[in-house]
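Working notes, structure below.
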Amino acid sequence: MPSVKPGVVTGAAYRDLVAACKQDGYALPAVNITSSSTMNAALEAAANAGSDIIIQLSNGGAQFFAGKGIKDAAAARVVGAVSAARHAQLLAEYYGVAVVLHTDHANRKFVPWVDEMLKWSEKAYAEEGKALYSSHMLDLSEEPLEDNLSTCETFLKRMSAIEMSLEIELGVTGGEEDGIGHELDTSIEEIDPRLYTRPEEVEEAYRRLSPLGHFSVAAAFGNVHGVYKPGNVKLRPEILLESQKFVAEKHGLGDSPLDFVFHGGSGSEKAKIEEAVGYGVFKMNIDTDTQFAYARPVGEYVEANDRAFKYQVDPETDKPYKKQYDPRVWIREAELSMAARLEEAFKDLGATGRSVTKG
Numbered sequence: 575m576p577s578v579k580p581g582v583v584t585g586a587a588y589r590d591l592v593a594a595c596k597q598d599g600y601a602l603p604a605v606n607i608t609s610s611s612t613m614n615a616a617l618e619a620a621a622n623a624g625s626d627i628i629i630q631l632s633n634g635g636a637q638f639f640a641g642k643g644i645k646d647a648a649a650a651r652v653v654g655a656v657s658a659a660r661h662a663q664l665l666a667e668y669y670g671v672a673v674v675l676h677t678d679h680a681n682r683k684f685v686p687w688v689d690e691m692l693k694w695s696e697k698a699y700a701e702e703g704k705a706l707y708s709s710h711m712l713d714l715s716e717e718p719l720e721d722n723l724s725t726c727e728t729f730l731k732r733m734s735a736i737e738m739s740l741e742i743e744l745g746v747t748g749g750e751e752d753g754i755g756h757e758l759d760t761s762i763e764e765i766d767p768r769l770y771t772r773p774e775e776v777e778e779a780y781r782r783l784s785p786l787g788h789f790s791v792a793a794a795f796g797n798v799h800g801v802y803k804p805g806n807v808k809l810r811p812e813i814l815l816e817s818q819k820f821v822a823e824k825h826g827l828g829d830s831p832l833d834f835v836f837h838g839g840s841g842s843e844k845a846k847i848e849e850a851v852g853y854g855v856f857k858m859n860i861d862t863d864t865q866f867a868y869a870r871p872v873g874e875y876v877e878a879n880d881r882a883f884k885y886q887v888d889p890e891t892d893k894p895y896k897k898q899y900d901p902r903v904w905i906r907e908a909e910l911s912m913a914a915r916l917e918e919a920f921k922d923l924g925a926t927g928r929s930v931t932k933g
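Below, the structure written as structure tokens:
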């Protein structure tokens, strides 16, 4: 697809990439990163898989990217997001992959974070002709629908002016994501109805937002952040199909007019993932699984080289351990493991070998 080239995609290129996913029946993993190391692992995985990728930061991930040594947390969240964007813009071209760059859940408390990031993108757009990010998310799903959509309208007008997209959330994704939401008890009999979005809510969002610019919808269909033991919360991807049909009939549109997002993808059944993709999901978030994939080999490495993490030089054998405790060694193990887990996600979503930069 000529409009989509290696690098961070915005505007028409981003919309074309989304359309290609839906047309060909696959989705892209949206991996949360927290550092240059985790971002590099994500880029490497996409290159290995011959796929494009969505890379995103939560507010905490952006703060960590900047460094916890910055005492002003609000400033760190902003400059961390800017630094990550610049890192992605430069390196994605060298990895040869198209990157959708996105920020994750921002509830009312973090609306100022989105506002400040947009100021940076507005400046970049004026000077360079391109925003720093492809899209940002506003997660105001725990507020009344009117408050949610009115704020989204305000931001989408501003974002459209610099060729950015907006992700919104309707209904509540269960669990907790970087301080937003709450831990979920999956054993309770009485399930919160907000865990399942109603088609009428989606249609109102479409009616109000589609004239303003491009947006995607994180609809709730029983999906949960994190990995929990089985319980009474069931994935119901058919809710997405119902919403697609409702909006299409109401507005005289073709099949699958909505661009859906699957939050809480870690630990989900592969058959349910495939079904959701068939109903217009182009993006599936993955964080919990990749965090574990990154961490596990570090623990294994430390166990296998325990004396190297106690002594620079072994007091009994005089053996120097610099080659063992060198961070480049064990961090690389973490990167390879995370990349391997992401390559599995590309396969599950049908994205392997589908990079539109090659077509």
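This note's numbering puts the first residue of the sequence shown at 575, with every later residue one more than the last.
A virtual CB, placed ideally from N, CA and C, is assigned to each residue, including glycine.
This structure is a prediction, so every number in the text was calculated from the model and none was measured.
Asked, Found
"Cβ contact check for the stretch 862 to 877 and the stretch 817 to 830: 3 or more pairs under 8 Å", "no"
"Assigned secondary structure, Q630 (DSSP; H/G/I helix, E/B strand, else coil)", "strand"
"Three-pair Cβ contact test at 8 Å for the stretch 906 to 915 versus the stretch 592 to 601", "no"
"Limits of the alpha helix (DSSP H) - the one that T612 falls within", "S610 to A623"
"C-alpha distance - E717 paired with L744, whole-angstrom precision", "10 Å"
"Reduced DSSP category for I847 - H, G, I as helix; E, B as strand; rest coil", "helix"
"V605 and A672 closer than 7 Å at C-beta", "no"
"Within 7 Å, strictly: CB atoms of V582 and A640", "no"
"Where S724 falls, given that 16 or more other Cβ within 10 Å makes a residue buried", "exposed"
"Other residues of its chain near P576: CB distance less than 7 Å, five sequence neighbours each side excluded", "none"
"Complete runs of the beta strand (DSSP E) confined to the stretch 695 to 731 [at least 3 residues]", "709 to 712"
"Every unbroken alpha helix (DSSP H) within the stretch 860 to 923, with a cutoff of 4 residues, ordered by chain", "862 to 878, 896 to 899 and 901 to 922"
"L740 - partner residues in DSSP beta bridges", "H710 and F789"
"Cutoff 7 Å; reference L916; Cβ partners in own chain excluding five residues on either side", "P603, V605, A616, A619 and T864"
"Closest by C-alpha distance to S708, when choosing among C726, F684, W694 and T677", "T677"
"Simplified DSSP assignment, three categories, for H799", "Low local confidence applies: a pLDDT of 46 at H799 is under 50, so the model's placement there is unreliable, with the coordinate-based value given in what follows. In the structure shown, H799 sits in coil (DSSP, three-state: anything other than H, G, I, E or B)."
"Contact under 7 Å by Cβ, T931 with A623", "no"
"L758 to G796 span [Cα, whole Å]", "In this prediction, L758 has a pLDDT of 39, which is less than 50 and means its spatial position is unreliable; nothing more can be read from the coordinates."
"Residues near R881 by beta carbon distance below 8 Å, same chain, minus five either side", "D888 and Y895"
"Three-way DSSP call (helix, strand, coil) for L602 in this model", "strand"
"Same chain, Cβ closer than 8 Å to E778, five either side skipped, listed in chain order", "L719 and L723"
"Span separating the alpha-carbon of L815 from that of V876", "47 Å"
"Beta-carbon gap between S817 and P773 smaller than 7 Å", "yes"
"Own chain, CB closer than 6 Å to G585, minus 5 neighbours either side, in chain order", "E737"
"Host beta strand (DSSP E) of F836 (start-end)", "F834 to F836"
"Cut-off 7 Å between Cβ atoms - residues of its own chain near Q846, not counting five sequence neighbours on either side", "A quick correction: the sequence has Lys, not Gln, at residue 846. Only L809 and P811 meet the Cβ criterion."
"CB of L706 within 7 Å of CB of A700, strictly", "no"
"Per DSSP, cross-strand counterpart(s) of H676", "Q630 and S709"
"Where A647 falls, given that 16 or more other Cβ within 10 Å makes a residue buried", "exposed"
"Straight-line gap, A919 to D892 (C-alpha atoms, nearest Å)", "45 Å"
"Neighbourhood of A913 by C-beta distance below 8 Å, restricted to the same chain and skipping five residues each side", "A615, A616, E618, A619 and N622"
"Buried/exposed call for F883, threshold 16 Cβ in 10 Å", "exposed"
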